[in-house]
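Residue numbers (this note's numbering): 2 to 113.
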């Protein structure tokens, strides 16, 4: 996955980060996980792997666009994720999925 594909898939990522080298490396490194990542429903009671990938990989990047983190902080967070993956790729992916992860997102009652 490249930055254009990442930003098209997740428009909540600030356009101000598009030229950030860390975002390019992030997209290339985690493309297979990002391809299945999706934002959980507001009324989700059980998260599937795609939800966890979104929450742990995409979620922190969106904080900048919402004004909840500085650009420097978001870049540092991306670098930390990239470094953790480089040190132990299999362990890193396993760390994204907590015990009890459901196969399909579970939505609460009256959730449409």
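Backbone N, C-alpha and C define an ideal beta-carbon position, used for all residues, glycine too.
The alpha helix (DSSP H) spanning residue 45 covers which residue range?
No alpha helix (DSSP H) holds residue 45; the beta strand (DSSP E) holding it covers 45-47.
With a 10 Å radius around its C-beta and 16 neighbouring C-beta atoms as the bar for buried, classify residue 37 as buried or exposed.
Classification for residue 37: exposed.
With three or more C-beta pairs closer than 8 Å as the rule, is the region 13-28 touching the region 84-100?
Verdict: no, contact absent.
Do the region 51-66 and the region 75-86 touch if we need at least three Cβ pairs shorter than 8 Å?
The answer is yes - the region 75-86 touches the region 51-66, with three or more Cβ pairs under 8 Å.
Under a Cβ-count criterion, where at least 16 other Cβ atoms within 10 Å of its own Cβ denotes burial, should residue 96 be classed as buried or exposed?
Exposed: under 16 other Cβ atoms inside 10 Å.
Enumerated in chain order, which unbroken segments of the alpha helix (DSSP H) with a length of 4 residues or greater are wholly contained in the region 12-77?
Qualifying alpha helix (DSSP H) stretches, in chain order: 22-35, 50-54, 60-66.
Taking just the CA atoms, how far does residue 108 sit from residue 74?
Rounded to the nearest angstrom, the two C-alpha atoms are 32 Å apart.
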